[in-house]
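Peer 1: Numbering (this note's numbering), first residue to last: 17 to 577. By construction, the Cβ of each residue, glycine as well, lies at the ideal position given by its N, Cα and C atoms.
#1: Going by Cα to Cα distance, which pick from 440, 458, 495, 457 is closest to residue 472?
#2: What distance in whole Å lies between the Cβ atoms of residue 488 and residue 297, which are believed to be in contact at a cut-off of 8 Å?
#3: What separation, rounded to the nearest whole angstrom, lies between the Cα atoms of residue 303 and residue 76?
#4: Between the alpha carbons of residue 475 and residue 549, how many angstroms are there, rounded?
#5: Out of curiosity, what's the CA-to-CA distance linking residue 131 and residue 71?
#6: Quick check on residue 302: does DSSP put it in helix, strand or coil?
#7: Count the other CB atoms within 10 Å of the CB of residue 51; is the residue buried (16 or more) or exposed (fewer)?
#8: Please classify residue 142: is it buried, with 16 or more other beta-carbons within 10 angstroms of its beta-carbon, or exposed?
#9: Just the Cα atoms here: how many angstroms apart are residue 224 and residue 190?
#10: To test your reading of the DSSP string, which unbroken alpha helix (DSSP H) runs of 4 or more residues are found completely within the region 437-506?
#11: Is residue 319 closer than 8 Å to residue 330 when the C-beta atoms are compared?
#12: Ends of the beta strand (DSSP E) at residue 355?
#13: Given 7 Å as the limit, tell me if residue 234 has its C-beta closer than that to any heavy atom belonging to the ligand ATP.
#14: Is residue 358 closer than 8 Å to residue 398 when the C-beta atoms are compared?
#15: Cβ of residue 116 within 8 Å of Cβ of residue 60?
#16: Can you find the residues in the same chain that come closer than 7 Å, C-beta to C-beta, to residue 505, ignoring five residues on each side of it along the sequence?
#17: Measure the C-alpha to C-alpha separation of residue 374 and residue 352 and round it to an integer number of angstroms.
#18: Cα separation between residue 236 and residue 381?
#19: Within 10 Å of its beta-carbon, does residue 490 have 16 or more other beta-carbons around it, so buried, or fewer, so exposed?
#20: Between residue 401 and residue 288, is the Cβ-Cβ spacing less than 8 Å?
#21: When we look at the beta-carbon of residue 531 and count the other beta-carbons within 10 Å, is it buried (16 or more) or exposed?
#22: Compare the C-alpha of residue 113 against each of 98, 101, 65, 140 and name the closest.
#23: First and last residue of the alpha helix (DSSP H) that includes residue 9?
#24: Measure how close the beta-carbons of residue 430 and residue 535 come, nearest whole angstrom, since I'm counting them as under 8 Å.
#25: Is DSSP giving residue 285 helix, strand or coil here?
#26: Determine, using beta carbons only, whether residue 158 and residue 214 come nearer to each other than 8 Å.
#27: Are the beta-carbon atoms belonging to residue 139 and residue 212 less than 8 Å from one another?
#28: If you scan the region 314-344 from start to end, which runs of the beta strand (DSSP E) of 3 or more residues do you find wholly inside it?
#29: Can you tell me the Cα-Cα spacing of residue 567 and residue 545, whole angstroms?
#30: Between the Cα of residue 105 and those of 301, 96, 94, 119, spot the shortest distance and give me the residue it belongs to.
#31: Three-state secondary structure (DSSP) at residue 557?
#32: Mark residue 155 as exposed unless 16 or more other C-beta atoms lie within 10 angstroms of its C-beta, in which case mark it buried.
#33: Could you tell me how far apart the beta carbons of residue 436 and residue 468 are, in whole angstroms, since I believe they sit closer than 8 Å?
#34: Taking its Cβ as the centre, do 16 or more other Cβ atoms sit within 10 Å of residue 62, making it buried, or is it exposed?
#35: Check the DSSP bridge columns for residue 238 and list the partner residues they point to.
This is the structure we're talking about:
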């Protein structure tokens, strides 16, 4: 970490809303979109705003503002703007939209503060380099206590507004001292900033650098690293958004985060992998993670359940056939191994592969070629095999049920996925992900929250069906829940007589009923980490901070992950 770039004067869009005041750096010859939507450059939690409410265009130091056809309109100095017509927007002008006020200020800029879109593009570019060069990067989310003042006061008192702007500039200047020349910075909301470090750093390293720059400031830092924590920009941001439901299309839920570093190292190599674990632990997800984090990620991943086909059909599926090779073969068909050329073949339930086909598969692995049924010559293929089973293949080999030579060909690496009951700390994250996934598949716009009692019950259940059973429990709960909160009544219905097991042995550390006491309980449980406490309570971090202020509870100081 080193000092940032040269300081310069720049325009900033100063936004005053119910949650406080923050500024958005305005780049020359750029456009800033303001609204409720996540795709806006400035996203505000104001129900009176449209998803894309207004845009501010900056060109050669001059600005214009345009209402984007909003429902409730946009006013410039008290006059409502006609939709989709740009109007000059100068320093001293006041724009009102809903309960939000927007002004322009000239501020001292330590470095460019990227819009969310530009920041995500910078992350994608850094990830591309990291993947190509097999290096790591780090995303950090920095929480800094915002000066306590009401937005209504700030909107009418210029001196308070300038004080908050000066505070934010001092914070940005301090953060800038902790950044390297190639690192990037973006504002998320008042007092919350995201940083892209193009080199790997720990939370302690980031916090130490920030504390040296602003020793009198209370802060909290969360860290997400590529590739250890997630294989994509969406996944890394989902790690930082610990108080939000994971977005559809984000990194797939890992079968176990504890194996993350091992998976990354194994994925980078050429050896075949054997994944072992109980039914339902997520062996297929592990296979997909190995493929997606490997150099073969741009090539096909072909999956086959060896227990789902008869021996005759299985041979055709694996190796393909020529036209007329057998009755019903009306056209030539490549096998799955051939179709995966350059990529990965995942053979699930490999222990159920017939002995006769084990010999054929062994030859394909050793000689790197396959021969279609009815073909005269073999075809050269380049594939990596990932196999999975819940059986003891070494014991099956000793009993003559599985070829030991095939076992050793497949077991270049052996990854044992522990059952869900041995990794209970992962249950809340998996449960939240499954809620979002189920809602996305059902086209449900509102994603219900998992209440704290539900998370407590889910965490103590033994899950004979492992991750698959948890996923089914969550899917049923989403169907039964017609509101915005999943409660105990929604998870009480199990398809077997195990319903009693789900609610047996109530936790000795249950949350209090009183909201103030419950917030304090969550903070105590998480060591004062506000993001984790908010996730435990099923609320956003901003809501937690508002509750702390409302109940007069002190904010925890300097917590880091």
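Peer 2: Looking at the atomic coordinates:
#1: For the set 440, 458, 495, 457, the Cα lying nearest the Cα of residue 472 is the one of 440.
#2: For a cut-off of 8 Å, the C-beta gap from residue 297 to residue 488 is around 14 Å, too long to register as a contact.
#3: One C-alpha to the other measures close to 52 Å.
#4: 16 Å
#5: 13 Å
#6: helix
#7: buried
#8: buried
#9: 12 Å
#10: 443-458, 468-476, 482-496
#11: no
#12: Careful: residue 355 lies outside any beta strand (DSSP E), inside the alpha helix (DSSP H) at 352-355.
#13: This structure does not include the ligand ATP; it has no bound ligands of any sort.
#14: yes
#15: yes
#16: No residues qualify anywhere along the chain.
#17: 15 Å
#18: Rounded to whole angstroms, residue 236 to residue 381 spans 51 Å at the Cα level.
#19: buried
#20: yes
#21: Result: exposed.
#22: 65
#23: In the structure as shown, the chain starts at 17 and stops at 577, and residue 9 therefore has no counterpart that could be examined.
#24: Incorrect: roughly 45 Å between the Cβ atoms, too far for contact.
#25: coil
#26: Contact flag unset, no.
#27: yes
#28: 317-321
#29: 18 Å
#30: 119
#31: helix
#32: buried
#33: The pair is not a contact, with the Cβ atoms about 20 Å apart (cut-off 8 Å).
#34: buried
#35: DSSP lists 157 as the bridge partner or partners of residue 238.
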